[in-house]
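A short worksheet on the structure shown next.
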Amino acid sequence: MSFKNIVKCISLFSIAMVLCLAGPTTAIADTIGKNIYQTIDKQFIPALCRINYATEITNASSGETNRRSTYTMGIMVSNDGLIMAHGHMQLENRTPKKIKVTVGAGDDEKEYGAIMLKKPDDINVVFLKIQTEEKVNFPYISFKNSPFDLGDPILTVGLLNQNFDYGKIIRAYRIGSVITEPRVTYAVDNAVNFGFIGGPVVNANGHAIGVIGYDLSDSEGGDIYTRSGYPLVYQTSLFKKYIDNPPSEEELNSNENDAYLGVFSQPLTEEYAEYWKLPNEGGIIVSTVIPGSPAYKAGFKMGDIIRNFNGTPVTAQQDQDVVSFTKLVRESTLNEPLSVLFYRDGKQQEIKLTLTTRPTAGRNAAEYEDTVFGITARDLTTDVKIALNLSDDVQGVIITRVKSGSDASLARLRRNFVIQRMGNISVNNIEEFKKAIETLSKDKPQEIPIFCRVGPNTAFFRIQPRWKN
Amino acid sequence: MIRSALSVVLTGAMCVGCATTGITSQHSVIAAKDKVAPSLIHVSPVKEVFQRGERKEVSVTGSGFIITSDGYVVTNEHVAGKSDYVRCVLFDKDEVEAEVVGTDPYTDIAVLKLRTDRTDLPFVKLGDSSKLESGQSVMAMGSPHGLSRSVSLGIVSVTDRNMEAMGSKGAPYNNWIQTDAAINPGNSGGPLVNLKGEVIGINTRKLSGADNVGFAIPIDIARQVIEEIIANGHVTRSDVGITFQEMTRITEDPTRKGVVIASVDPLSSAQKALIQPGDILLSLNGVATNARFIEDLPRIRKLIADAPVGEILNLEIQRNDKVVKIPVKTNEKSQRKGEQKELNEWGFTVSALTADVIRRAQLENGKGVFISGVKAGELAAQSKLQTRDIILTIDGETIEDLDDFNEKYRKRIDSKQELTLLTIKRGALKIFRIVKQEEADEA
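Residue numbers (my numbering), protein chains in the order written: chain A, 24 to 492; chain F, 11 to 453.
Dropping the structure here:
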């Protein structure tokens, strides 16, 4: 590389150095030619877009939400407006609203509306689809599968902030670590600014071979790495299938066709195998069996060691391995008997059971927003009962939001209280809650005692409605 | 701006008022102070605390006062809870050691006995807190921030402050005397004194972030607790497993009598007697139990607490439009704080289960021990045991209580058992944990 080129690289990086003191050194740039930067500028940067959206932040105690505007970088991955962005855009209880996608730069800048597609559960990225009546041939990045090695130089593109008119910036890194569990993942060797998350990763040959990401998806044991702070590279093979075959436009986070067993499990480490004198052939320990679940009905008990699930041997030595078992179960066939081989009291046994679909998760449960008293409530689902340690027989609707200043808020009703009765009306589900509100709105009583389950206790809260004439 | 100007005017008015009172009652303030001062104690216990999986001894400072000529001293439980060594400085600056006679965490009262043969110690006169009026002048005496022999003057702000509405569940059996006499850390356990020189309260709490909002336990509540501690070393209370709420939680109608039964504990005698949430308790052994407001609740709880353990109480219950009489047998009320043990070898502390922990954890049989702390880097932490886990079984054997666990634990330590299997309850889940003891390295 000529001296002139090096000088150019340095000047390009001067902005990056200001933004991030831990920026990379020019030494890395020595191994990637200027031509790669120019390829990126010509071929890839036009396919990058800015996604502006409103995110709702939920107040933990009241459940009320406030909206905040934010933006992230998106990569157009097809000429008909399919966009890939990082998964942080769509966290649980943070559904993006009012999505606007800005494509192009300067005078050619154009804004489009877009919808979110179903979030993949095995990779922490999201997909959006631009909504437009016009026939537009969008620029896009075509990703290639290419192996990585420790120390490989890579370039990535970030989005500058508003002060720099959301300009793009190229920065060099190297692959600093190859992580092999729970799947092969790469970590870059330096700090990455927020504007780079979701950006394309380009190799020394000028091929787009992955994107910058943070965290694994939940189903990969994402919580283990959450907030780890290590920027990762998601290689093309992880997301290419979704570009070739985009996710559906159905409701977000719907896992309702997944198969469901109904156990919590933990890895069978060497110590447990030794303690129980089990042959060292792997397995997973059943810890909690959820009442009413297929596992419960089939007679599974705490301490059973599942060895083989429907013909697939089960091995779980570390916490991450439990995720693979969960995935195996989720993807199993529904409504036909499966065979499970397991150890109980040192003897191998077999149970035949039929998996059901996963019960509705709390976040997808039927919700009703009452505008009379200011309560938003949902059906009480099994996962919520477990999270709040409510026994299986507790009935009612769970408060998810209380509008500040409302009659319900003055009565000190709060998020996570379970409404069981309103006045003399029993409330067992969201339909009954809705009807109770309707009845009370017609009757207009001066005061309504609300009977709630609050943690392990029950208590009354009196609403004094301010009826409007 | 208007608001601050107004507050200046108000403060000004109050100061003027204070000054006038101050001049007229100067003599009575001094006279009252002189009556109590010789009995005032500066209390410095070395207190046992359990923190992050370890038992530690920490030196704290508080206040107290002598109530008998042979040296019984009253202070707060949070000052001298579990303390093997309590150093007291008397008002004449003499230092005397004291022992803890007994404590009552429910009312935050502790009784100490000075280790002295003297029988001529000056002691205070206990007053009558039921006769207090708000606006009445009072003095707080004690050792704010360790400054012994301090006196501050103020008035009773409110005679029956209930702090449950503020989220404090600390004092089920009493309301509080709220005073603007300055109460600071170190005043705890000291006397709140009227101008007759009688102790009418025990200074115990202050509202943090506020000025001159202090709270004292009314002496009428304290008197009974003190007497019981001196007689038995502890306070025994009865319980039937009912949580009450004031009537205004369901209706504002002032003609409605009784108190609301809000919650009935699982496995309690009230539940066995089929008492239900939403029932209204009208009377107890013929004594009316009207509680329209939250301030009325401590009296009703105390009616049950004061009944002998094992006695049948006659509850008059209104359910919908019917009134029924239901007999309920009292049980002994669980201690507020479970006894704790430090288990060095694994590096954690465990405590006995209290009724509160059992209810929160929804334990079916109420058996097990509670992990109160885990020491970083030690075996328990390495084995992924966590604070607030409940250990249900050890190697498949049910843990009856703290002593039973301690015995089973000791056995495994002594026999150097390599692997120990625990069943843990963590929230709604049950999980296994294995503790692997390595053989100790030879030095």
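No residue lacks a Cβ here, since even glycine has one placed at the ideal position from N, Cα and C.
Any C-beta of chain A under 8 Å from that of residue i
i        : result
F:Ala438 : yes
F:Glu388 : no
F:Glu262 : yes
F:Gln372 : yes
F:Val168 : no
F:Leu291 : no
F:Arg259 : yes
F:Leu353 : no
F:Ser344 : no
F:Ala272 : yes
F:Arg369 : yes
F:Leu429 : yes
F:Phe415 : no
Burial state of residue i, where buried means 16 or more other Cβ atoms lie within 10 Å
i        : result
A:Arg381 : buried
F:His244 : exposed
F:Met176 : exposed
F:Ser393 : buried
A:Leu173 : exposed
F:Gly296 : exposed
F:Thr85  : buried
F:Lys332 : exposed
F:Ala315 : buried
A:Ala108 : buried
F:Asp424 : exposed
A:Ser362 : exposed
A:Val207 : exposed
A:Asp402 : buried
Interface flag, residue i vs chain F, CB-CB below 8 Å
i        : result
A:Gly478 : yes
A:Ala482 : yes
A:Met112 : no
A:Ser85  : no
A:Thr338 : no
A:Thr399 : no
A:Glu156 : no
A:Ser562 : The structure shown has nothing for residue 562 of chain A, since chain A only spans 24 to 492.
A:Glu79  : no
A:Gln289 : yes
A:Met325 : yes
A:Tyr298 : yes
Contact set for residue i: own chain, Cβ-Cβ below 6 Å, skip 5 residues either direction
i        : result
A:Thr54  : Pro176
F:Lys339 : Ser279, Ile322
F:Ala438 : none
F:Leu402 : Gly378, Thr433, Lys435
F:Ile76  : Ser49, Val83, Leu131, Phe133
F:Lys135 : Glu208
A:Asp103 : none
Selection from the options that minimises the alpha carbon distance to residue i
i        : options                                : result
F:Ala272 : A:Thr481, A:His109, A:Ile486           : A:Thr481
F:Thr71  : F:Pro337, F:Ser139, F:Val96, F:Glu417  : F:Val96
F:Lys92  : F:Thr214, F:Thr408, F:Gly348, F:Ile434 : F:Gly348
A:Gln340 : A:Gln185, A:Tyr94, A:Ile307            : A:Ile307
F:Pro182 : F:Asn242, F:Gly145, F:Val209, F:Thr117 : F:Thr117
F:Gly288 : F:Glu256, F:Ile310, F:Asp138           : F:Glu256
F:Val68  : F:Leu363, F:Asn330, F:Glu58, F:Phe75   : F:Glu58
F:Lys351 : F:Ser361, F:Gln345, F:Ser344           : F:Ser361
A:Lys21  : A:Ile421, A:Phe396, A:Gly397, A:Tyr135 : It is not possible to answer for residue 21 of chain A, since the shown part of chain A is limited to 24 through 492.
A:Leu105 : A:Ser84, A:Lys300, A:Phe262            : A:Phe262
F:Ile119 : F:Thr129, F:Gln146, F:His88, F:Val161  : F:His88
Same chain only: Cβ atoms within 7 Å of residue i, ignoring 5 sequence neighbours per side
i        : result
F:Leu100 : Ile51, Val106
A:Leu463 : Met445, Gly446, Ile471
8 Å Cβ shell around residue i - same chain, five flanking residues per side excluded
i        : result
A:Phe483 : Pro472, Ile473, Phe474, Cys475
F:Asp102 : Pro48
A:Ile138 : Ile122, Leu151, Lys152, Gln154, Glu272
Quick test of the definition: if touching needs 3 or more C-beta pairs under 8 Å, does the segment 167-185 of chain A touch the segment 220-234 of chain A?
yes
Tell me, please, whether the segment 263-271 of chain F touches the segment 234-242 of chain F by the rule of three or more beta-carbon pairs shorter than 8 Å.
no
Cβ pair count under 8 Å reaching 3, the segment 118-128 of chain A against the segment 145-165 of chain A:
yes
Counting pairs of Cβ atoms below 8 Å between the segment 279-292 of chain A and the segment 304-318 of chain A, do you hit three or more?
yes
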